[in-house]
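Asker: Below: one structure in structure tokens.
Structure follows, in structure tokens:
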């Protein structure tokens, strides 16, 4: 009976509820502020927390530094994706995208700058927005999610310019191919589709699950994550994480990782933050080990 | 004769001595004058030395004559006779002289003696005078010393100081002009003043005494009056008893209770007063259509022996004597019993944990006629209160196996307020007392003594502040009053929720999840998964489970909770659910941790959907509370669990590589099977449309 069990602190109703919430929290999205000092994290309850990365990474970091500077309820549903422009934080969850000013976000009672909802076909259920992608050249935002379409929204006017259809199941992730402005989208239907923004058409489709080397039928066929480097693409999910050569649509390297991947990026910085099925954001300052965790 | 002798002597005298002739002449003068002869006077005149010479001559002559006579006689002859005759006449003369001289000597002697005597007498007289005077001197000296040592009584009197005297005394006594200069007068004046004052005060004293007597008499009279009143009042009370009963206002009973209550120790008294007040207040709040009777929701009674309580308060001297006696006895007994030190310590422990002989019984009646019996005790030496609880129901309860701990007196009131587990003494000062007698913690004695919950202390008005430990904590009515209502409500809720659980457990053990009709809307009509097992597990077993680590780490699995294991099955799928039931159910929800055995073992660490299922039950519990007082929470959670398992199994995507049909065909109506980057299953049930969607 003498294990190192934590002391049962007298927990009232609110404390128990908060503890349970934190146990069942999933952090779906993160975004670093344009100045690089702050990290925004969005969770499944629709809350966004702003952490001060500079304070947490500094040498005098205390326990308080790993707690959010401010937390607010951003959406009614989970915040599935977030992205930062040079002045705004854009968050998207259940069906709508909201914008917040980074300059204002640290003040309590911050209100969203605007919110937009792409035109949906069905009204029975509001589809979620799983991925946001910024296209800096046209100053537009691409949203993709539950309604199996990619919507483009002009950031200046807020109007929805295009809707790209083609996926047969909902879209998980987006990636931008810089050189020729093409967007890659991966979805639940197991296909990675490339879209040309100017012609508003699908140019290439890669059905990953059909390739035997990388398919893993017991996991399913869904593509959870995408990253591209114009010539190359990495994608994973149900099938194994594979590096593809885009022009030839052939898988070149298969990374031997067993679990289905949820996120992947080509990253140059030394600070990597990873979040998932908990209320914590793990911070890696060195790809070798986890430095510490920020916690909701 | 004398004249003859003096005549005869005359010639002799003339021969020997001329002076005596003068004396004779004087004598003849005197003789001529007075015609008497004083030989004494003659003695003064004659010289003793010459008389002595005359005596010596006479003696010689006599000797000579005798010798001549002898000679003559020896020679013999007649002529000799004349010579002898002559000599004989001469010797007769000499004999005469000798006789005179003898007389004179005697007279002289006598005179000398007389003179000496006289002188002596004088000396004696002087001596006597001297003695007298000396004696008188001594006497006087003594008197003088006595006088000098004499202390007048007036010096023993404490007179007021000079300044005061001059200030206070009226001028006719103080006579300042006279007394200032003359200390004797001053003292006299002061004595006068003293006397005055004393007389005055004596007067006052007499007056006061007489007043006092008067007042005492009055008091006596009034006392008598009052004491005569008492029996009259008693008779009135007796007479009113039937009326009281008729009106259902048992004042007498209450009065008796109040009498007993006077002997209660302060915290129990506070509790008694506040509880009675609360009970009455509740009664008054009921509708007045009922006959005005005391509402029986809360009834307060005092149990125990009043005599013992009275015995605790013996007067101090007696108890001290008793103590010293008992100390002496104890010493003796301990000397005899020294080997059994443990027994001694045991006795000391018992003494420390002694309860006051009186206890307060509170009976809380709930709507369904079940009663919570609370007995409050006061531990005198520790200054804390404890409570023992018992729940009785209107009908006999058959206790299901898993419900053993629900209503047990030990745990039914545990954690009424969060963290109030009642196993530790709330009084920090007790720790020092415990150390002396080797008691580690009160937990070991709790079953016997009752639980020292914090709310019990608050109801007794005892507050033990942690920051500033106080020496003596006294019972405070306001503290008790402020906590009474909340605590009573919590107690009732607790009893009712436990009874509800009791009933539910009986059903759960039979594999039926009892969902009441007003909660049916939360679930679809058809639920295929079934609850097959519901058992209690021990705290250690819960901690040992591999899928409960998160809960344990979050500090939600303490030893005051109750732990259960439920098993839900459908086909080949078995879902284990470990349940943490907090004593504060149902305001604090039960926590479920799941482990699914179907095509491998899935827990929240390797399957996000399991995590989502847990979230549906743990985090979204408020929807499942049902109508107040939300006793349906646990059963609704269990039912939801069954529904979730159904959804999970039916929406599992078919693995194309595996042959055969799906084990669980999809019967639930779902809009979408997967949503979001985590590809969650649709666990949310929508009423009344009856389809499943995502949160």
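Protein chains in written order, with full-length UniProt numbering: chain Z, 1 to 296; chain P, 1 to 695.
We put the beta carbon where it would ideally sit given N, CA and C, even for glycine.
Since the structure is predicted, the reported quantities are computational estimates derived from the model, not experimental observations.
Using 8 Å as the cut-off, can you tell me whether the region 667-678 of chain P makes contact with the region 615-626 of chain P, which would need three or more C-beta pairs spanning the two stretches below that distance?
Answerer: no
Asker: Measuring alpha carbon to alpha carbon, tell me which residue in P:557, P:277 and P:401 is nearest residue 508 of chain P.
Answerer: Taking the first residue of the second chain as 1, we reach residue 508 of chain P at position 508. Checked all of P:557, P:277 and P:401; the closest Cα to residue 508 of chain P is P:401.
Asker: To which residues does DSSP link residue 293 of chain Z through a beta bridge?
Answerer: Numbered from 1 along the first chain, position 293 holds the residue referred to as residue 293 of chain Z. Residue pairing by DSSP places residue 293 of chain Z opposite Z:282 in a beta bridge.
Asker: May I have a chain-ordered list of the alpha helix (DSSP H) segments no shorter than 4 residues that lie completely inside the region 228-274 of chain P?
Answerer: 251-261
Asker: Name, please, each residue of chain P whose Cβ falls closer than 9 Å to the Cβ of residue 13 of chain Z.
Answerer: Within the first chain, the letter at position 13 stands for residue 13 of chain Z. Ordered by position in chain P, the residues that pass the 9 Å Cβ test against residue 13 of chain Z are 418, 584, 587, 588 and 589.
Asker: Does residue 205 of chain Z get closer than 8 Å to chain P when you measure Cβ to Cβ?
Answerer: Counted from its first residue, the first chain places residue 205 of chain Z at position 205. Taking Cβ atoms only, chain P never reaches closer than 8 Å to residue 205 of chain Z, which makes this a no.
Asker: Whose C-alpha, out of Z:63, Z:124, Z:96 and Z:61, is nearest the C-alpha of residue 78 of chain Z?
Answerer: Working through the first chain from its first residue, we reach residue 78 of chain Z at position 78. With distances taken between Cα atoms, residue 78 of chain Z lies closest to Z:96.
Asker: State the beta-bridge partners of residue 675 of chain P as determined by DSSP.
Answerer: Translated into positions along the second chain, residue 675 of chain P becomes position 675. Looking at the DSSP output, residue 675 of chain P shares a beta bridge with P:680.
Asker: Is the shortest distance between the beta-carbon of residue 43 of chain Z and the beta-carbons of chain P less than 8 Å?
Answerer: Residue 43 of chain Z sits at position 43 when you count from the first residue of the first chain. Output row for residue 43 of chain Z: interface = no.
Asker: Do we get a CB-CB distance below 8 Å when we pair residue 405 of chain P with the residues of chain Z?
Answerer: Position 405 of the second chain, counted from the first residue, corresponds to residue 405 of chain P. Closer than 8 Å: no.
Asker: By DSSP, does residue 576 of chain P sit in helix, in strand, or in coil?
Answerer: Here residue 576 of chain P refers to the residue found at position 576 when the second chain is read from its first residue. The answer is strand: DSSP assigns residue 576 of chain P an E or B state.
Asker: Could you give the DSSP three-state label for residue 226 of chain P: helix, strand or coil?
Answerer: The residue given as residue 226 of chain P occupies position 226 in the second chain. DSSP places residue 226 of chain P in helix when its eight states are reduced to three.
Asker: Against chain P, does residue 125 of chain Z count as a neighbour if the rule is that its beta carbon must be under 8 Å from one of theirs?
Answerer: The count along the first chain starts at 1 and reaches residue 125 of chain Z at position 125. Residue 125 of chain Z counts as touching chain P.
Asker: Any contact between the region 456-466 of chain P and the region 476-486 of chain P? By contact I mean 3 or more CB pairs, one from each, below 8 Å.
Answerer: Yes, they touch.
Asker: List the residues of chain P whose Cβ lies closer than 8 Å to the Cβ of residue 80 of chain Z, in chain order.
Answerer: Taking the first chain and counting its residues from 1, one reaches residue 80 of chain Z at position 80. Near residue 80 of chain Z (Cβ distances below 8 Å), the residues of chain P are 676 and 677.
Asker: If contacts are defined as beta-carbon pairs under 8 Å, then residue 456 of chain P and residue 639 of chain P qualify, I think. What distance do you get, rounded to the angstrom?
Answerer: In the second chain, residue 456 of chain P corresponds to position 456, counting from 1. In the second chain, residue 639 of chain P corresponds to position 639, counting from 1. Residue 456 of chain P to residue 639 of chain P, Cβ: 37 Å. No contact.
Asker: Alpha carbons only, please: which of P:112, P:275, P:69 and P:692 is nearest the one belonging to residue 483 of chain P?
Answerer: Sequence index remark: in the second chain, residue 483 of chain P carries index 483 (1-based). Looking at the Cα atoms, P:275 is the closest of the given residues.
Asker: For residue 519 of chain P, which three-state DSSP category applies?
Answerer: Locating residue 519 of chain P in the second chain gives position 519, where the first residue counts as 1. Correct three-state label for residue 519 of chain P: helix.
Asker: Under 8 Å, Cβ to Cβ, is there at least one residue of chain P near residue 75 of chain Z?
Answerer: Within the first chain, numbered from 1, the residue matching residue 75 of chain Z stands at position 75. Closer than 8 Å: no.
Asker: Can you check whether the C-beta of residue 188 of chain Z is within less than 8 Å of a C-beta belonging to chain P?
Answerer: Taking the first residue of the first chain as 1, we reach residue 188 of chain Z at position 188. Yes, residue 188 of chain Z lies at the interface with chain P (some Cβ there is under 8 Å from its Cβ).
Asker: Could you spell out the range, first to last residue, of the beta strand (DSSP E) harbouring residue 565 of chain P?
Answerer: Taking the second chain and counting its residues from 1, the one referred to as residue 565 of chain P is at position 565. It spans 562-570 - the beta strand (DSSP E) in which residue 565 of chain P sits, taken as one unbroken run.
Asker: Which residues, taken in chain order from the region 599-623 of chain P, show a beta carbon closer than 7 Å to some beta carbon of chain Z?
Answerer: 608, 611, 614, 615, 618 and 619
Asker: Determine the chain Z residues that contact residue 671 of chain P at a beta-carbon separation under 8 Å, and present them in chain order.
Answerer: As a first step, residue 671 of chain P is located in the second chain; it is residue number 671 there, counting from the start. The contacting residues are 124 and 125.
Asker: Could you spell out where the alpha helix (DSSP H) holding residue 342 of chain P opens and where it closes?
Answerer: Your numbering for residue 342 of chain P matches position 342 in the second chain. Residue range 341-352 is occupied by the alpha helix (DSSP H) that includes residue 342 of chain P.
Asker: Who are the neighbours of residue 21 of chain Z on chain P, taking C-beta pairs under 7 Å?
Answerer: Start at 1 with the first residue of the first chain, and residue 21 of chain Z comes out as number 21. Result: 619.
Asker: Within the continuous alpha helix (DSSP H) that includes residue 455 of chain P, where are the two ends?
Answerer: Translated into positions along the second chain, residue 455 of chain P becomes position 455. Residues 454-459.
Asker: If the cut is a Cβ gap below 8 Å, which residues of chain Z does residue 550 of chain P touch?
Answerer: Along the second chain, read from residue 1 onward, the residue named residue 550 of chain P stands at position 550. Those are 23, listed as they occur along chain Z.
Asker: Less than 8 Å separating the beta-carbons of residue 618 of chain P and residue 588 of chain P?
Answerer: If you number the second chain from 1, residue 618 of chain P lands on position 618. If you number the second chain from 1, residue 588 of chain P lands on position 588. The answer is no: Cβ separation not under 8 Å.
Asker: Which residues share a DSSP beta bridge with residue 419 of chain P?
Answerer: In the second chain, the residue the question calls residue 419 of chain P occupies position 419. Looking at the DSSP assignment, residue 419 of chain P forms no beta bridge with any residue, so it has no partner.
Asker: CB residue 164 of chain Z to CB residue 192 of chain Z, shorter than 8 Å?
Answerer: Working through the first chain from its first residue, we reach residue 164 of chain Z at position 164. Working through the first chain from its first residue, we reach residue 192 of chain Z at position 192. Their beta carbons are not under 8 Å apart, which means residue 164 of chain Z does not touch residue 192 of chain Z by this criterion.
Asker: Could you give the first and the last residue of the continuous beta strand (DSSP E) run that contains residue 124 of chain P?
Answerer: Here residue 124 of chain P refers to the residue found at position 124 of the second chain. That residue, residue 124 of chain P, is in no beta strand (DSSP E); its alpha helix (DSSP H) goes 79-149.
Asker: State buried or exposed for residue 586 of chain P, treating a residue as buried only when at least 16 other CB atoms are found within 10 Å of its CB.
Answerer: On the second chain, residue 586 of chain P is found 586 positions in, with the first residue counted as 1. The residue is buried, with at least 16 neighbouring Cβ atoms inside 10 Å.
Asker: Along chain Z, in chain order, which residues have C-beta atoms closer than 7 Å to that of residue 693 of chain P?
Answerer: Along the second chain, one-based indexing puts residue 693 of chain P at 693. Neighbours of residue 693 of chain P on chain Z, chain order: 125.
Asker: Residue 158 of chain Z CB to nearest chain P CB: under 8 Å?
Answerer: To locate residue 158 of chain Z, count along the first chain from 1; it is residue 158. So no, residue 158 of chain Z is outside the interface.
Asker: Indicate whether residue 349 of chain P and residue 437 of chain P have their beta-carbon atoms separated by less than 8 Å.
Answerer: If you number the second chain from 1, residue 349 of chain P lands on position 349. If you number the second chain from 1, residue 437 of chain P lands on position 437. In this structure, residue 349 of chain P sits near residue 437 of chain P, with a CB-CB distance shorter than 8 Å.
Asker: Between the C-alpha atoms of residue 72 of chain Z and residue 109 of chain Z, what's the straight-line distance to the nearest angstrom?
Answerer: What you label residue 72 of chain Z is simply residue 72 of the first chain in a count that begins at 1. What you label residue 109 of chain Z is simply residue 109 of the first chain in a count that begins at 1. Looking at the two C-alpha atoms, the distance is approximately 8 Å.
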